[in-house]
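So the structure is just underneath, and the comments pick up after that.
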Amino acid sequence: MLQYLIFYNVLEDDDIKVPKIACSSQSNGNLGVLNYYDHDDHYVGKVTSYYRKSSSNSHHWHWIAGSFCPKVSGYYEIKSKAWPAIYTKFVNQHQKDRGDECTGWKEKSFNQYLYANRCYPYTIADENNCVTDRIEGYLNGTLIDSTSTTIMDCYTEDCLPGYYTDTCSQYNDAYCNEHGSLEYGRESDGLGCTCNSFSDNIFCEDTSQYVFPEGKRGVVYTSYYNDSTTDSYQVYEDFSMKEFSESYSTIELNSILYVPQNTDLQFQLKSIPKAELYIDGNLVVGSLDDRFDCEEKGESVVTTPRQYFTRGNHYIKIKLLPGCAMYNQCISLKWKFYRWYRNNPSDFQDIPARYLGFN
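In structure tokens form, the structure reads like this:
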């Protein structure tokens, strides 16, 4: 990110030195405030807008320095005003007008398309060459403060925390499990978190913890001959390959799948004989063989399309008609959890038991 950190530690003119206040990384400055300097580069304190009036009477530059981040994208006029002399810098453009001794307002403008939630370094300085001095900065005629923009007390051209892409147009919606903060920035993919702990995965998730309480974890197996009677019941830990020996009944595997992130998922259902996969009450993929079929069947493998799922509970049902009891039946369900692998999973994997439960 170093190309987005502006250091401003060189002389811009023969006698003007812009304060050095680059953010230590990205946009990690103090929000809602800017830095104020007098006597060229002597730090005085914080201010809450690009406005300052001073009664000092000395031949030195007085500065308001920091960055602002627009709330809406668009074309803007950035207008700097100072009394009685002006120096101003916006990103890498600077202008200066000392004028004559004791003259009035000086104004300089920059016109540019600015992106919402992307930050821009901005400084204004005046030089008190004989009278009370004053500094003002405006964005399309509105004073630049925390109402009109987001301001911070260091220089950066990066995105505000949480936003990513080069134009800072997208917000990272990852859930960091209270163990980290959102990845962000113009070079970020906006998929994961910066972890304080449990950094073996990009969501700071403690993978030893189960979502559902004891006694409510796993996958429920039932078989029945009519809808009103359950003839067989069992709870399995997960959807890994299971083998059954049923005849002329209906087999169901039901579970609540907790999806821990907003993400794309794909599922792969393997079964003998054919089976149907329902998600949230909708048939997603698969079909059924005849209930009374006694022929030996080969393995059926069906895959769902890649589909977006929101974080939270989703209801999984697998249905199978076993036919007669001459041959055993089997079922397994795997997934591709795209976001866990930064949208590049290698293959289908077992769904972790920690995400599976029932009412």
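Residues 706 to 1064 (the numbering used here) make up the sequence shown, in order. Glycine included, C-beta positions come from ideal geometry on N, C-alpha and C.
Residues that DSSP places opposite Ile-984 in a beta bridge: Asn-987, Ile-1021
Between the CA atoms of Tyr-876 and His-747 - distance to the nearest angstrom: For the pair His-747 and Tyr-876, the Cα-to-Cα distance works out to about 37 Å.
Give a yes or no on whether the C-beta atoms belonging to Leu-1066 and Trp-1040 are separated by under 8 Å. In the structure displayed, the chain extends from 706 to 1064; residue 1066 sits before or after that span and is not available.
Who are the Cβ neighbours of Glu-942 in its own chain at under 6 Å, not counting the five residues just before and after it? Gly-923, Ala-1058
DSSP three-state assignment for Tyr-756, whether helix, strand or coil: Tyr-756 carries a strand assignment under DSSP once its states are collapsed to helix, strand and coil.
Who are the near neighbours of Lys-947 in its chain, counting only those whose CB is closer than 8 Å to its CB and skipping five residues on each side? Tyr-926, Tyr-941, Leu-958, Cys-1035, Ile-1036, Ser-1037
Quick one: complete beta strand (DSSP E) runs, 3+ long, within the region 798-850? Fully enclosed beta strand (DSSP E) runs of no fewer than 3 residues occupy 798-802, 811-819, 825-832, 838-844 of the region 798-850, in order along the chain.
Helix, strand or coil at Arg-1059 [DSSP, three-state]: Helix at Arg-1059.
Run the CB neighbour count on Trp-788, radius 10 Å, all protein chains shown included, and call it buried at 16 or more, exposed below. Here Trp-788 is buried: its Cβ has 16 or more other Cβ atoms, across all protein chains shown, within 10 Å.
Rounded distance between the beta-carbons of Trp-766 and Ala-830, thought under 8 Å: 5 Å
Distance, Cα to Cα, Ile-791 vs Gly-779? Each residue's CA atom was taken as its position, placing Ile-791 and Gly-779 some 26 Å apart.
How about Asp-994 and Lys-1002: do their beta carbons lie closer than 8 Å? Contact: yes.
Between the alpha carbons of Ser-754 and Tyr-827, how many angstroms are there, rounded? 12 Å
Residues in its own chain within less than 7 Å of Pro-967 by CB, not counting five upstream and five downstream? The amino acid at residue 967 is misidentified as Pro; the sequence shows Asn. Here Asn-967 has Asp-878, Thr-1015, Arg-1016 as same chain residues with Cβ atoms under 7 Å from its own Cβ, once five neighbours each way along the sequence are excluded.
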